[in-house]
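Line by line, the protein sequences give chains A and B.
Start counting the first sequence at 1; every next residue gets the next number (the numbering used here).
Start counting the second sequence at 1001; every next residue gets the next number (the numbering used here).
Data block below; observations after.
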Amino acid sequence: MSWIKSIWSELIGLFIEDGSFAIAIFFWLCGCWLVLPHLDLPSVLPPAILFAGLVVILAESALRLARAASSKNQ
Amino acid sequence: MIINWAHVAPTIVAAFLASLVEFVEALTVVLAVGTVRGWRGALGGTGIALLLLALLVAMLGPAIVHIPQEIVQLGLGSLLLLFGMRWLRKAILRVAGVLPLHDEEDAYAKESAALRALGNFSQGWDRVAVATSFKITMVEGIEVVFIVIAMGGIRRGLLLPASLGALAALILVIILGAALHKPVAMIPENMLKFMVGVLLCSFGTFWVGEGMGIAWPGQDLALAALIAGFLVAALAVARLCRKRASPGETPFTSQRRRA
Chain A
1 MSWIKSIWSE
11 LIGLFIEDGS
21 FAIAIFFWLC
31 GCWLVLPHLD
41 LPSVLPPAIL
51 FAGLVVILAE
61 SALRLARAAS
71 SKNQ
Chain B
1001 MIINWAHVAP
1011 TIVAAFLASL
1021 VEFVEALTVV
1031 LAVGTVRGWR
1041 GALGGTGIAL
1051 LLLALLVAML
1061 GPAIVHIPQE
1071 IVQLGLGSLL
1081 LLFGMRWLRK
1091 AILRVAGVLP
1101 LHDEEDAYAK
1111 ESAALRALGN
1121 FSQGWDRVAV
1131 ATSFKITMVE
1141 GIEVVFIVIA
1151 MGGIRRGLLL
1161 PASLGALAAL
1171 ILVIILGAAL
1181 HKPVAMIPEN
1191 MLKFMVGVLL
1201 CSFGTFWVGE
1211 GMGIAWPGQD
1221 LALAALIAGF
1231 LVAALAVARL
1241 CRKRASPGET
1251 PFTSQRRRA
């Protein structure tokens, strides 16, 4: 039955590998969904805000892991 | 039906590339199983898993059509983003030399040694062979199924192109595996993973935005801008990570140092 367990954990792991990373993405999406349609912004801004937030989350998370790997190597 | 090539072409390409990466990884293990434990069990386990995966796509794909499109775009788009961002972050860390590059030949050698160590070889259907090849095909194939469902189910008419992209990748990997009888190491897997991550994030962002009711400038062409945006951002982050992880080193020098 261990193979069922590993397939299941692989399924969950598709989306959540690092809890804080997944939570940040989830909350950013929720925030954008709840707030952006109600703001009176020029039409180009909401897509740019959505994209920029995702890039910031990606960069912060990757840099954090790189820093952790660097301090582990030293 | 009008075919929207702005979506169909990238859907086929993304499904093909993502599936190619997954199938190449599965092939490595199936080859090791076949060589060490026997081909009957290896091909049997793989065949059962492929049937189950095809059944999953056949059941889930058409079912999604009955869900309101906004909900599908938000739900599947969010999952695609969670999946794609995880994938892209790992690819960035590999390019930056923080994580080791994936090496199919190394994976093949390790898997072969592990299978030999299990011993207890049986004639005919080898249970270890069936279970191992079934498991790896399911594990890698579930990712393919998700990609096909997420990219194909999000808008009507895209399920077939996404499925065809995945099927083409499967056929290519089977042909390469049958011809070479060794891991497919000539495919630039790490670069492909980077590109697939960029594509998945771009698609996810686009669909989530649509689901939120955001009007994309240039409509469907915004997808191309998103792909360019994520590519530039990912390359810049990889550069920063490389500096942060080991100042003055390229990924290749850090790989040599590790070896």
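Where is the CB? At the ideal position from N, CA and C, for every residue including glycine.
N-terminal and C-terminal residue of the alpha helix (DSSP H) that residue i is part of
{"i": "Val-1098 of chain B", "result": "Taken as a continuous stretch (DSSP letters only), Val-1098 of chain B belongs to no alpha helix (DSSP H), as it is neither H nor E."}
{"i": "Ser-20 of chain A", "result": "19 to 35"}
{"i": "Trp-1207 of chain B", "result": "1189 to 1212"}
{"i": "Val-1173 of chain B", "result": "1159 to 1180"}
{"i": "Trp-1041 of chain B", "result": "The sequence given here has Gly at residue 1041 of chain B, not Trp. Its alpha helix (DSSP H) spans residues 1039 to 1064."}
{"i": "Val-75 of chain A", "result": "One cannot answer for residue 75 of chain A here, as it falls past the ends of chain A, which runs 1 to 74."}
Per-residue DSSP class, three states only, for residue i
{"i": "Arg-1256 of chain B", "result": "Note on Arg-1256 of chain B: pLDDT 41, under 50, position unreliable in the model; no value is reported."}
{"i": "Phe-15 of chain A", "result": "coil"}
{"i": "Asp-40 of chain A", "result": "coil"}
{"i": "Gly-1126 of chain B", "result": "Gly is not the amino acid found at residue 1126 of chain B; the sequence shown has Asp there. Asp-1126 of chain B: coil per DSSP, three-state reduction."}
{"i": "Lys-1243 of chain B", "result": "helix"}
{"i": "Gly-1218 of chain B", "result": "coil"}
{"i": "Val-1184 of chain B", "result": "coil"}
{"i": "Arg-1260 of chain B", "result": "Residue 1260 of chain B falls outside the range modelled here, since chain B spans only 1001 to 1259, and no answer is possible."}
{"i": "Gly-1119 of chain B", "result": "coil"}
{"i": "Pro-1010 of chain B", "result": "helix"}
{"i": "Ile-1092 of chain B", "result": "helix"}
{"i": "Ile-1067 of chain B", "result": "coil"}
{"i": "Ile-4 of chain A", "result": "helix"}
{"i": "Met-1001 of chain B", "result": "Annotation note: pLDDT 47 at Met-1001 of chain B (below 50); position unreliable, coordinate value reported separately. Three-state DSSP puts Met-1001 of chain B in coil, outside helix and strand."}
{"i": "Gly-1077 of chain B", "result": "helix"}
Reference residue i; option with closest CA among the options
{"i": "Ala-1091 of chain B", "options": "A:Leu-65, A:Asn-73, A:Ser-71", "result": "A:Leu-65"}
{"i": "Ile-1071 of chain B", "options": "B:Gly-1211, B:Leu-1158, B:Arg-1239", "result": "B:Gly-1211"}
{"i": "Val-1130 of chain B", "options": "B:Val-1021, B:Ala-1015, B:Ala-1032", "result": "B:Ala-1032"}
{"i": "Leu-1235 of chain B", "options": "A:Cys-32, A:Ala-59, A:Ala-48", "result": "A:Ala-59"}
{"i": "Thr-1046 of chain B", "options": "B:His-1181, B:Ala-1179, B:Asp-1220, B:Ile-1174", "result": "B:Ile-1174"}
{"i": "Trp-1125 of chain B", "options": "B:Gly-1044, B:Gly-1229, B:Val-1036", "result": "B:Gly-1044"}
{"i": "His-1181 of chain B", "options": "B:Ala-1018, B:Gly-1034, B:Glu-1022", "result": "B:Gly-1034"}
{"i": "Ser-1163 of chain B", "options": "B:Arg-1040, B:Val-1098, B:Leu-1053", "result": "B:Leu-1053"}
{"i": "Val-1095 of chain B", "options": "B:Gly-1197, B:Gly-1229, B:Cys-1201, B:Leu-1172", "result": "B:Gly-1197"}
{"i": "Glu-1025 of chain B", "options": "B:Ser-1202, B:Pro-1010, B:Glu-1189, B:Val-1208", "result": "B:Glu-1189"}
{"i": "Val-1008 of chain B", "options": "B:Ala-1109, B:Pro-1161, B:Gly-1038", "result": "B:Pro-1161"}
{"i": "Gly-1229 of chain B", "options": "B:Met-1138, B:Ala-1245, B:Phe-1203, B:Gly-1213", "result": "B:Phe-1203"}
{"i": "Pro-46 of chain A", "options": "A:Trp-8, A:Trp-28, A:Glu-17", "result": "A:Trp-28"}
{"i": "Gly-1038 of chain B", "options": "B:Ile-1136, B:Thr-1132, B:Gly-1213, B:Ala-1238", "result": "B:Thr-1132"}
{"i": "Ala-1015 of chain B", "options": "B:Ala-1245, B:Ala-1178, B:Val-1145, B:Cys-1241", "result": "B:Val-1145"}
{"i": "Arg-1155 of chain B", "options": "B:His-1066, B:Leu-1199, B:Arg-1127", "result": "B:His-1066"}
{"i": "Ser-1078 of chain B", "options": "B:Ile-1142, B:Ile-1012, B:Ala-1150, B:Phe-1134", "result": "B:Ala-1150"}
{"i": "Glu-56 of chain A", "options": "B:Leu-1076, B:Leu-1199, B:Arg-1089, B:Phe-1083", "result": "The amino acid occupying residue 56 of chain A in the given sequence is Val; Glu does not appear at that position. It is B:Arg-1089 whose Cα lies nearest to the Cα of Val-56 of chain A."}
{"i": "Ala-1049 of chain B", "options": "B:Lys-1135, B:Leu-1226, B:Ala-1178, B:Pro-1062", "result": "B:Lys-1135"}
{"i": "Phe-21 of chain A", "options": "B:Val-1237, B:Glu-1140, B:Lys-1243, B:Arg-1086", "result": "B:Arg-1086"}
{"i": "Phe-1206 of chain B", "options": "B:Phe-1194, B:Met-1195, B:Asp-1220", "result": "B:Asp-1220"}
{"i": "Ile-1142 of chain B", "options": "A:Cys-30, A:Asn-73, A:Ile-23, A:Leu-11", "result": "A:Leu-11"}
{"i": "Leu-1199 of chain B", "options": "B:Ile-1147, B:Ile-1171, B:Val-1139", "result": "B:Ile-1147"}
Any non-hydrogen atom of the ligand MG closer than 7 Å to residue i Cβ
{"i": "Ala-1215 of chain B", "result": "Looking for the ligand MG in the displayed structure turns up nothing, as the structure carries no ligands at all."}
With 8 Å as the limit, tell me which residues of the segment 1122 to 1141 of chain B have their beta carbon closer than that to any beta carbon of chain A; keep them in chain order. For the segment 1122 to 1141 of chain B, which is checked against every Cβ of chain A, the residues closer than 8 Å are Ala-1131, Phe-1134, Lys-1135, Met-1138, Val-1139.
Beta carbons nearer than 8 Å to chain A: which residues of the segment 1066 to 1088 of chain B have them? From the segment 1066 to 1088 of chain B, only Leu-1074, Ser-1078, Leu-1079, Leu-1081, Leu-1082, Phe-1083, Met-1085, Arg-1086, Leu-1088 have a Cβ closer than 8 Å to chain A.
Report the residues of the segment 56 to 71 of chain A with a CB closer than 8 Å to any CB of chain B, ordered along the chain. Under the 8 Å Cβ criterion, the segment 56 to 71 of chain A contributes Ile-57, Leu-58, Ala-59, Ser-61, Ala-62, Leu-63, Leu-65, Ala-66, Arg-67, Ala-69, Ser-70.
Near-chain A residues of the segment 1086 to 1105 of chain B (beta-carbon distance less than 7 Å), N- to C-terminal order: Arg-1086, Leu-1088, Arg-1089, Ile-1092, Leu-1093, Ala-1096, Val-1098
Between the segment 1140 to 1163 of chain B and chain A, which residues of the former have CB atoms less than 7 Å from a CB of the latter, in chain order? Ile-1142, Glu-1143, Phe-1146
Taking Cβ-Cβ distances below 8 Å as the criterion, which residues of the segment 15 to 47 of chain A are in contact with chain B? Phe-15, Ile-16, Glu-17, Asp-18, Phe-21, Ala-22, Ile-25, Phe-26, Leu-29, Cys-32, Trp-33, Leu-36, Pro-37, Ser-43, Val-44, Pro-46, Pro-47
Which residues, taken in chain order from the segment 1188 to 1209 of chain B, show a beta carbon closer than 8 Å to some beta carbon of chain A? Cys-1201, Thr-1205, Val-1208, Gly-1209
Chain-ordered residues of the segment 1225 to 1242 of chain B with a beta carbon less than 7 Å from chain A: Hits within the stretch, in order: Leu-1226, Gly-1229, Ala-1233, Val-1237, Leu-1240, Cys-1241.
Closer than 7 Å, Cβ to any Cβ of chain B: which residues of the segment 4 to 15 of chain A, in chain order? Ser-6, Ile-7, Glu-10, Leu-11, Leu-14, Phe-15
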